[in-house]
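Peer 1: First, the structure itself, so that you have it in front of you.
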Amino acid sequence: MANNDMKRTDLSRWRLKVDRGRQTWHYLDEDEIKNCPQSFIEKYWIGLPFDSKTFQKPKTAFEAAQNGFEFFKQLQTSDGHWACEYSGLTFLAPILIITMYITQIPIPEAWRIEIIRYLTNKANPIDGGWGLHIEHHSTVFGTTLSYIALRILGLDPDHPVMVKSRATLHKLGGAIGIPSWGKFWLASLNVYDWTGLNPIPPELWLLPDYLPIHPSRYYVHNRAVFLPMGYCYGRRLSAKITPLIEELRQELYVQPFETINWSKARNNIAMVDLYVPHTKLLKLCNYMLNLYEKLPDFLQLRDIAAQKCYELITLENENTNYINIGPVAKALYVLCTYYLEGPDSEAFKLHKERIIDYMWLGSEGIMMGVTNGSQTWDTGIAVLAAIETGLADDPLNHQSMIHALEFLDDTQIKKNPKDSKKISENGYHVSDCCGLGLEAVLNLQNKLNYTPKLVPKERLCQTIDILLTMQNSDGGFSSYERIRGPKIMEWLNPAEIFSDVMIEHNYPECTSSVLNGLHTFRKWYPDYRATEIEQVTKRAIQYLYNSQDENGGWYGSWAICFTYATMFVMQCLKNYGETYENSHVVKKGCDFLISKQKEDGGWGESYKSCDAETYVQHENSQVVNTAFALLALMASKYPNEEPIRRGIQLIVSRQLPTGEWKPESIEGVFSKNAAICYPSYKFSFTIWALG
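Now the structure itself:
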């Protein structure tokens, strides 16, 4: 619910700068804006009035697709990608603000105003608290971190927003029950004691790397977080006490700060937050680690481990040009660099310069992104939608496709990371992005007769080389790399708010994207590593068969949820000749989707499907879920056209005269419990389905 009472900046002064996929928002001076008129893209995402062509009511689905792409094309940036928000997690901006406060990085006034506006807009309209994401119930984790951020940003404790949220926090038991990630940030800010955390010993990085518990075997995002967390924990690094910190110590808890028994707080997790309870194995490990923390360090292992951690931190900084793999890691690496190299160091300066990459300005204020964007993914989907529908053949859309190809050519990873054996085997390529990027480039360069051949065969073959190394033993594909650790590692998950984060896992949607890329590559380069591609393909398809839910759908881990993954799998199986008529697997998938169609002809799936691991109906049909289901049914050649026509009619009925669709419920998810926004989906997939 929008909070219209909060101050906002002059929105007409914001500009989006793009450069080879980098997208950053800048607040210009009065003199600067005179020579830099605000673009359609900027007005659209900020929520300002914009001029756009309007259309008469379309007579056919294809006309609706044409109108949709005509609007969507206006959101393509000058470097060829489709820029948009990639956020939804409310705790990200607060941990950045806490980090900037600790490290004394000045918060720009325009940021201060707009982050306040965003957080207050995203507060629960009933109780004033915050959850894990923008559609989540209020939690101790979300409420505590947002409360602290707003206090740092200048809201007084007696401000109505703060009074309401603090009452909710106290009703939930106060900040003492915050989950472990929150305990870390509170201890870093010096409003919580380090003895109130279960240990995060940096010495784990000194273990032999062949052991299954070595951190290098964790899921890539998890190890990128626990590496700097371990360093800070090992050194007990906390902010200097300030008057604000003294005040927060009294505001966050339901008892005097000095009376808290911190050791008893280690496992105190509020029930409203608890998603993944501690297992008996984790409790035993924590008990043993707490004993270890009391032992004298005769061998100076902590110093050796801290040095090892910082070597890896330095390599990560250099490998990613100080962007880091994600926003939590970014804040942590800023913190470590500040303490180790100092505020005047070149490394800290470079870190500060890349914070802006994560910040996105929307109609409700500035948020922090889940990454520094989803540029390649969104552009690849837009390209396939345009080509598959025939919209790319329209001369009016030729330049758009050429720009998209130029972007994909420019953003392919062309060099290996520094010292990759120590930090990462992949330099943070992602399996589904590689598969999609490969498919998009091949179609752009071979299906269209007007595009230049920018990406040579050599580089396409290098993508194949990478993809062929990423398959797991059961035939599936994970996200960043092959599974490194055993499943039992999930029993050691200390992050009570996220699931399946200790190791990599196979995903039907990643596997399907890779297969689509391999299939498309073989059309034009049938001889390159043909035998290996054939073997990988057979094993991957068998994985897709095996991962089908007993009800007929596939569980999706990166968007919501069964409609999403089922679309990917059934589009993939189409490439290998499987349809409703000749494949029991595809028939079962179609029957599953048809059983979920709503009375109005659409499909609506709640993000709660991801948590429940079974299909949960949204109260309303969603154009994105409807497009997912329709694309799956049409790819499978579902014989009854009536359900498809009804779904198409639902999408067309929601289209505005400008050709656009308005935002509906949140579209994405990860770790089963963290919902995220993919605002381009309401354009790309709906246009694809209509076309």
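Under the numbering used here, read the sequence shown as residues 641 to 1331, first letter to last. Ideal Cβ positions, reconstructed from N, Cα and C, are used throughout, including at glycine. Given the structure is predicted, the values throughout are model-derived calculations rather than measurements.
What distance in whole Å lies between the Cβ atoms of W722 and I686, which are believed to be in contact at a cut-off of 8 Å?
Peer 2: Against the sequence shown, residue 686 aligns to sequence position 46. Against the sequence shown, residue 722 aligns to sequence position 82. Their Cβ separation, rounded to whole angstroms, is 16 Å, which puts I686 and W722 out of contact at 8 Å.
Peer 1: Counting only the same chain and skipping the five closest in sequence on each side, list residues whose C-beta sits under 8 Å from that of K992.
Peer 2: Along the sequence shown, read from residue 1 onward, the residue named residue 992 stands at position 352. Contacts found: I745, V974.
Peer 1: In this structure, does DSSP put A656 in helix, strand or coil?
Peer 2: Within the sequence shown, residue 656 is the residue found at index 16, counting from 1. Checking the displayed sequence, the identity of residue 656 turns out to be Leu instead of Ala. Of the three classes helix, strand and coil, the one that applies to L656 here is strand, per DSSP.
Peer 1: Does DSSP put Q663 in a helix, a strand or coil?
Peer 2: On the sequence shown, residue 663 is found 23 positions in, with the first residue counted as 1. Here Q663 sits in strand by DSSP.
Peer 1: Can you look up H773 in the DSSP assignment and give me helix, strand or coil?
Peer 2: As a first step, residue 773 is located in the sequence shown; it is residue number 133 there, counting from the start. Correct three-state label for H773: strand.
Peer 1: Determine the direct distance from the alpha carbon of P936 to that of V865, and round the result to whole angstroms.
Peer 2: Reading the sequence shown from its first residue, position 225 is the one you call residue 865. Reading the sequence shown from its first residue, position 296 is the one you call residue 936. Roughly 27 Å between the two C-alpha positions.
Peer 1: Can you tell me whether L795 is buried or exposed, with buried defined as 16 or more other CB within 10 angstroms of its CB?
Peer 2: On the sequence shown, position 155 is the one that residue 795 refers to. Looking at its Cβ environment, which holds 16 or more other Cβ atoms inside 10 Å, L795 is buried.
Peer 1: Tell me, to the nearest whole angstrom, how far the beta carbon of T1019 is from that of F1047; I am working on the premise that it is less than 8 Å.
Peer 2: Looking up residue 1019 in the sequence shown gives position 379. Looking up residue 1047 in the sequence shown gives position 407. Between F1047 and T1019 the Cβ distance is about 6 Å, and since that is below 8 Å, they are a contact.
Peer 1: Using the DSSP secondary-structure output, state which residues sit across from I1337 in a beta bridge.
Peer 2: Residue coverage of the chain in this structure runs from 641 to 1331, which leaves residue 1337 outside it and unanswerable.
Peer 1: How should C1150 be labelled, buried or exposed, when 16 other C-beta atoms within 10 angstroms of its C-beta is the threshold for buried?
Peer 2: The sequence position of residue 1150 within the sequence shown is 510, counting from 1. Classification of C1150: buried, given that the 10 Å Cβ count is 16 or more.
Peer 1: Give a yes or no on contact between the segment 1192 to 1204 and the segment 1246 to 1265, applying the rule of three or more CB pairs nearer than 8 Å.
Peer 2: The segment 1192 to 1204 is in contact with the segment 1246 to 1265.
Peer 1: Looking at C-beta atoms only, is the number of pairs between the segment 776 to 789 and the segment 695 to 705 that lie closer than 8 Å three or more?
Peer 2: The segment 776 to 789 is not in contact with the segment 695 to 705.
Peer 1: Pull up the distance between the alpha-carbon of I753 and that of K647, whole angstroms please.
Peer 2: Locating residue 753 in the sequence shown gives position 113, where the first residue counts as 1. Locating residue 647 in the sequence shown gives position 7, where the first residue counts as 1. Their backbone Cα atoms lie some 7 Å apart in a straight line.
Peer 1: Between the Cα of L955 and those of T977, D1049, S1119, L715, spot the shortest distance and give me the residue it belongs to.
Peer 2: As a working note, residue 955 is residue 315 in the sequence shown. Of T977, D1049, S1119, L715, the residue nearest in Cα terms is T977.
Peer 1: On the criterion of 16 or more Cβ atoms from any shown chain inside 10 Å, does C676 qualify as buried, or is it exposed?
Peer 2: Along the sequence shown, one-based indexing puts residue 676 at 36. C676 comes out exposed.
Peer 1: Only counting the same chain, and skipping five residues up and downstream in sequence, which positions put a Cβ closer than 6 Å to that of V780?
Peer 2: For the purposes of this step, residue 780 is taken as residue 140 along the sequence shown, with counting starting at 1. Same-chain partners within the cutoff: L812, G817, I818, A910, D913.
Peer 1: Leaving out five residues on either side along the sequence, give the residues of the same chain with a beta carbon under 6 Å from the beta carbon of L990.
Peer 2: Looking up residue 990 in the sequence shown gives position 350. For L990, where only same-chain residues beyond five positions count, the Cβ hits under 6 Å are Y962.
Peer 1: Under 8 Å Cβ to Cβ from E1136, same chain only, skipping five residues before and after it: list those, please.
Peer 2: Along the sequence shown, one-based indexing puts residue 1136 at 496. Closer than 8 Å at Cβ, skipping near neighbours: P819, S820, I909, D913, L914, Y915, V916, P917, H918.
Peer 1: Does the Cβ-Cβ distance between S727 and C1212 come in under 8 Å?
Peer 2: Looking up residue 727 in the sequence shown gives position 87. Looking up residue 1212 in the sequence shown gives position 572. No, the Cβ-Cβ distance between S727 and C1212 is not below 8 Å.
Peer 1: Counting only the same chain and skipping the five closest in sequence on each side, list residues whose C-beta sits under 8 Å from that of Q890.
Peer 2: Residue numbering aside, residue 890 sits at position 250 when the sequence shown is read from its first letter. Taken in chain order, the residues that qualify are P896, F897.
Peer 1: Measure the Cβ-Cβ separation of Y1068 and Y1147 and say whether it is below 8 Å.
Peer 2: Working through the sequence shown from its first residue, we reach residue 1068 at position 428. Working through the sequence shown from its first residue, we reach residue 1147 at position 507. Contact flag unset, no.
Peer 1: Quick one, which of V1209, W770, V831, W834 has its alpha-carbon nearest S805's?
Peer 2: Within the sequence shown, the letter at position 165 stands for residue 805. Looking at the Cα atoms, W770 is the closest of the given residues.
Peer 1: Report the rounded CA-to-CA distance for I881 versus I1106, giving the unit in angstroms.
Peer 2: The residue you call residue 881 lines up with position 241 of the sequence shown. The residue you call residue 1106 lines up with position 466 of the sequence shown. Taking the straight line joining both Cα atoms gives about 49 Å.
Peer 1: What separation, rounded to the nearest whole angstrom, lies between the Cα atoms of T1326 and Q696?
Peer 2: For the purposes of this step, residue 1326 is taken as the residue at position 686 of the sequence shown. For the purposes of this step, residue 696 is taken as the residue at position 56 of the sequence shown. Each residue's alpha carbon lies about 18 Å from the other.
Peer 1: Is DSSP giving Q1085 helix, strand or coil here?
Peer 2: Mapped onto the sequence shown, residue 1085 falls at position 445. Reduced to three states, the DSSP call for Q1085 is helix.
Peer 1: If you follow the beta strand (DSSP E) that G870 is in, where does it begin and where does it stop?
Peer 2: For the purposes of this step, residue 870 is identified with residue 230 of the sequence shown, where counting begins at 1. Looking at the DSSP string, G870 is not in any beta strand (DSSP E); the run it does join, the alpha helix (DSSP H), is 860 to 875.
Peer 1: Measuring CB to CB, does L1132 end up less than 8 Å from L921?
Peer 2: The sequence position of residue 1132 within the sequence shown is 492, counting from 1. The sequence position of residue 921 within the sequence shown is 281, counting from 1. Going by C-beta atoms, L1132 is nearer than 8 Å to L921.
Peer 1: Quick one: residues in its chain with C-beta nearer than 8 Å to the C-beta of L668, no 5 flanking neighbours on either side, listed in chain order?
Peer 2: Position 28 of the sequence shown holds residue 668. R653, W654, R655, C676, listed in sequence order.
Peer 1: Does the segment 1258 to 1272 touch the segment 1198 to 1216, meaning 3 or more C-beta pairs lie closer than 8 Å?
Peer 2: Yes, the segment 1198 to 1216 touches the segment 1258 to 1272.
Peer 1: Since E1245 sits in a beta bridge, which residues does DSSP pair it with?
Peer 2: Numbered from its first residue, the sequence shown carries residue 1245 at position 605. Note: E1245 sits in a beta bridge opposite Q1257.
Peer 1: Would you kindly check if the distance between the Cβ of G1244 and the Cβ of Q1262 is under 8 Å?
Peer 2: Looking up residue 1262 in the sequence shown gives position 622. Looking up residue 1244 in the sequence shown gives position 604. Contact flag set, yes.
Peer 1: For F1117 and Y1220, I'd like the C-alpha separation in whole angstroms.
Peer 2: Along the sequence shown, one-based indexing puts residue 1117 at 477. Along the sequence shown, one-based indexing puts residue 1220 at 580. Taking the straight line from one Cα to the other gives about 25 Å.
Peer 1: Taking the alpha-carbon positions, what's the K1087 to A969 distance?
Peer 2: As a position in the sequence shown, residue 1087 is number 447, starting the count at 1. As a position in the sequence shown, residue 969 is number 329, starting the count at 1. One C-alpha to the other measures close to 40 Å.
Peer 1: Could you give the DSSP three-state label for F938: helix, strand or coil?
Peer 2: Translated into the one-based positions of the sequence shown, residue 938 becomes position 298. Reduced to three states, the DSSP call for F938 is coil.
Peer 1: Using the rule of at least 16 other Cβ atoms within 10 Å of the residue's Cβ for burial, across every protein chain shown, is P1319 buried or exposed?
Peer 2: Residue mapping note: residue 1319 aligns to position 679 of the sequence shown, counting from 1. When all chains shown are included, P1319 counts as buried.
Peer 1: Would you mind giving the Cβ-Cβ distance between Q1182 and V1225, rounded to the nearest angstrom? I have them listed as a contact below 8 Å.
Peer 2: Your numbering for residue 1182 matches position 542 in the sequence shown. Your numbering for residue 1225 matches position 585 in the sequence shown. Not confirmed; about 11 Å, so no contact.
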